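Asks: What follows is a single structure, and I will ask about it in a moment.
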Amino acid sequence: MTKLILSVVAVAAITFSGCKKDKESNTDKLTDKNWKMTALTVDPPLGGILTDVYAQIQACTQDDLTIFKDDHSVNFDEGASKCDAADPQTTTGSWAYNSDETVVTVVDDGGFITSYTITSLSSSEMKGTFTDNSSGIVETYSVTFKAQ
């Protein structure tokens with residue numbers, strides 16, 4: 000669950016590009032901005048009762064940022080507060096879109112992979128879903144990130 004939350008937080012910090020084109024692609028919208036997760040819910044409820052996962056995340060994780068770069072690298076920044084002072088401020092990984100830019104797959108430096116189906120993406124907000132079945136039950140998570 001910790002790696003899942005860290006991966007989500009990472010995507011929360013997603014960055015948009017500063018260059019303007021006639022029509023901004025999803026890659027342009029995603030890269031070169033700091034993304035911060037602002038909501039995370041799950042269905043079915045964890046333990047049969049918990050749907051608001053974000054409310055359970057420590058404040059030191061809620062301020063984490065994810066920055067997607069044009070070269071398909073991604074930076075995961077601990078934000079203003081760290082949960083463990085010994086942790087590095089920034090770690091890295093990689094990201095890639097599927098062919099129609101509707102799914103972004105993120106791989107952290109530990110090899111943990113999360114694929115997000117994008118339900119909406121603008122230069123200031125990203126919403127998406129991902130699934131986890133590590134508990135033997137398919138859980139669908141819905142996540143919202145805001146550009147900072």
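All residue numbers for the sequence shown refer to numbering that gives the first Met the number 0, where the first residue is 0 and numbers rise by one. Beta carbons: idealized from backbone N, C-alpha and C, even for Gly. If you're wondering where the values come from, they're calculated on a predicted model, not measured in any experiment.
Taking T90 as the reference, give the member of F67, D42, N74 with the closest Cα.
Replies: Position 91 of the sequence shown holds residue 90. For T90, the nearest C-alpha among the options comes from N74.
Asks: Just to confirm before moving on: does the CB-CB distance between T113 and K126 stay below 8 Å?
Replies: Within the sequence shown, residue 113 is the residue found at index 114, counting from 1. Within the sequence shown, residue 126 is the residue found at index 127, counting from 1. Cβ atoms of T113 and K126: not closer than 8 Å.
Asks: Who are N74's beta bridge partners in DSSP?
Replies: The sequence position of residue 74 within the sequence shown is 75, counting from 1. N74 is bridged to I66, T91.
Asks: Just the C-alpha distance for V103 and A84, rounded to the nearest angstrom, thanks.
Replies: Indexing the sequence shown from 1 puts residue 103 at position 104. Indexing the sequence shown from 1 puts residue 84 at position 85. The C-alpha of A84 is placed about 30 Å away from the C-alpha of V103.
Asks: Applying the 10 Å Cβ sphere with the 16-neighbour rule, what's the burial state of N132?
Replies: Counting from one through the sequence shown, the residue named residue 132 turns up at place 133. So N132 counts as exposed.
Asks: What does DSSP give as the partner residue(s) for Y140 in the beta ladder?
Replies: Residue numbering aside, residue 140 sits at position 141 when the sequence shown is read from its first letter. DSSP output for Y140 lists V41, F129 as bridge partner(s).
Asks: Could you give the DSSP three-state label for K145: helix, strand or coil?
Replies: Sequence index remark: in the sequence shown, residue 145 carries index 146 (1-based). DSSP places K145 in strand when its eight states are reduced to three.
Asks: Measure the alpha-carbon distance for V27 versus D62 and round it to whole angstroms.
Replies: In the sequence shown, residue 27 corresponds to position 28, counting from 1. In the sequence shown, residue 62 corresponds to position 63, counting from 1. Strictly speaking, residue 27 in this sequence is Asp, with Val absent from that position. A direct Cα-to-Cα measurement between D27 and D62 gives close to 24 Å.
Asks: Going by the beta-carbon positions, is the gap between T143 and A38 smaller than 8 Å?
Replies: Within the sequence shown, residue 143 is the residue found at index 144, counting from 1. Within the sequence shown, residue 38 is the residue found at index 39, counting from 1. Cβ atoms of T143 and A38: closer than 8 Å.
Asks: Quick one: using the 10 Å Cβ neighbour count with 16 as the cut-off for buried, is T139 buried or exposed?
Replies: Taking the sequence shown and counting its residues from 1, the one referred to as residue 139 is at position 140. It counts as exposed.
Asks: To the nearest angstrom, how far is it from the Cα of G92 to the Cα of G46?
Replies: If you number the sequence shown from 1, residue 92 lands on position 93. If you number the sequence shown from 1, residue 46 lands on position 47. If I take the Cα positions, the gap works out to 31 Å.
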